[in-house]
Amino acid sequence: MTYQFTLESGITVDSTRPEHAAALEELQRTVFPTLADGERFKREHYLKHLELFPEGQFVALDGERVVGMTSTIRCDFDFESPAHRFSDIIQGGWLTSHEPDGAWLYGADMGTHPDYRRRGIARGLYAARQWTVRRFELRGQVMVGMLRGYGDVKSEMSADAYYESLLRKERSDPTISAQLSVGFEPLGLVPDYLNDPVCDNYGVLMVLSPDKDV
Ligand SMILES: CC(C)(COP(=O)(O)OP(=O)(O)OC[C@H]1O[C@@H](n2cnc3c(N)ncnc32)[C@H](O)[C@@H]1OP(=O)(O)O)[C@@H](O)C(=O)NCCC(=O)NCCS
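In the working numbering, the protein residues as written are 1 to 214.
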């Protein structure tokens, strides 16, 4: 069973298919330009994700052009020991940490092409993930959002102070604020999550309940 939903803008959110893999590799470079290359998915990784867990992979399409993407796995996330790294999840890009009976949908990435941002594409992709959560009766979505605006101000304030100011809505972060708008609940900072100076390697652990209508 595949997913398809057309947004008001005419962009379609679709289940990923093998013919999208090369465009997805290119979109990774565009969306995550400062991320360590070893932490970006490539064409062959996308083909493997489709073998492992086809119901968890989505694209946003403008006609045939791939302009948005998300990759997920299922896993039994341990909220008592939340410290972990992006590399533990992606396993060199292959997503072999996927547990077919896992209770949570873990979001390994999310991205919209810079020319298409603020038009509801990420919201549409999170809604597609929510379809998977409901279909398999999972406990919800879990992910670590990048603290994308922190790298620019890290000499002025600690990551804790930056995070607290986001929660108090005194400042906005281009990634975390988008995820809060969609309905994610923040659970805490995850230091040393990935290799990207834009967020000084910090992420925020977040969950989205299955009842939330994105
Ligand atoms: C974060 C990202 C995926 C958002 O994609 P998008 O398609 O522009 O998001 P949407 O248009 O669906 O917006 C969803 C919500 O977030 C809000 N939002 C989006 N970008 C935002 C920003 N820069 N600052 C504050 N809020 C923002 C929108 O207003 C919207 O909320 P609303 O419906 O209540 O108004 C996109 O900016 C991106 O690809 N960033 C780079 C990669 C990245 O950080 N990925 C996430 C890794 S964890």
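For glycine and all other residues, C-beta sits at the position ideal for the given N, C-alpha and C. If you're wondering where the values come from, they're calculated on a predicted model, not measured in any experiment.
Expected contact under 8 Å - CB spacing of residue i and residue j to nearest Å
{"i": "Gly140", "j": "Trp104", "result": "6 Å"}
{"i": "Pro100", "j": "Leu50", "result": "Between Leu50 and Pro100 the Cβ distance is about 14 Å, and since that is not below 8 Å, they are no contact."}
{"i": "Gly203", "j": "Val144", "result": "4 Å"}
{"i": "Glu185", "j": "Val207", "result": "5 Å"}
{"i": "Pro210", "j": "Arg134", "result": "6 Å"}
{"i": "Ala23", "j": "Val66", "result": "4 Å"}
{"i": "Thr175", "j": "Met146", "result": "5 Å"}
Span of the beta strand (DSSP E) around residue i
{"i": "Tyr106", "result": "104 to 112"}
{"i": "Asp14", "result": "12 to 15"}
{"i": "Gly203", "result": "203 to 208"}
{"i": "Val153", "result": "From DSSP, Val153 is part of no beta strand (DSSP E); its letter is neither H nor E."}
Residue j beta carbon less than 8 Å from that of residue i
{"i": "Asp37", "j": "Met69", "result": "no"}
{"i": "Phe41", "j": "Gly93", "result": "yes"}
{"i": "Leu189", "j": "Ala159", "result": "yes"}
{"i": "Phe77", "j": "Leu194", "result": "no"}
{"i": "Ser9", "j": "Gly183", "result": "no"}
{"i": "Asp173", "j": "Leu167", "result": "no"}
{"i": "Leu95", "j": "Ile73", "result": "yes"}
{"i": "Phe58", "j": "Tyr116", "result": "no"}
{"i": "Ile11", "j": "Leu61", "result": "yes"}
{"i": "Leu205", "j": "Leu180", "result": "no"}
{"i": "Ile90", "j": "Glu39", "result": "yes"}
{"i": "Val13", "j": "His113", "result": "no"}
Enclosing alpha helix (DSSP H) for residue i [first to last residue]
{"i": "Arg129", "result": "121 to 135"}
{"i": "Arg43", "result": "43 to 52"}
{"i": "Glu164", "result": "159 to 167"}
{"i": "Leu189", "result": "Element bounds for Leu189: not the alpha helix (DSSP H) but the beta strand (DSSP E), 185 to 190."}
{"i": "Phe86", "result": "86 to 90"}
{"i": "Thr30", "result": "21 to 31"}
{"i": "Ala214", "result": "Going by the sequence as given, residue 214 is Val instead of Ala. Val214 -> no alpha helix (DSSP H), and no H or E assigned at all."}
{"i": "Ala83", "result": "Looking at the DSSP string, Ala83 is not in any alpha helix (DSSP H), and its letter there is neither H nor E."}
{"i": "Ala178", "result": "176 to 182"}
Residues bridged to residue i (per DSSP)
{"i": "Phe58", "result": "Ser15, Thr70"}
{"i": "Gln145", "result": "According to the sequence displayed, residue 145 carries Gly and not Gln. Partner(s): Val204."}
{"i": "Arg65", "result": "Asp62"}
{"i": "Phe5", "result": "Val13"}
{"i": "Cys199", "result": "Bridge partners of Cys199: none, in fact."}
Given 8 Å, three or more beta-carbon pairs between the stretch 148 to 160 and the stretch 119 to 134: no
By C-beta, the residues closer than 6 Å to any heavy atom of ligand 2, given in chain order: Here the bound small molecules are ligand 1; ligand 2 is not part of this structure.
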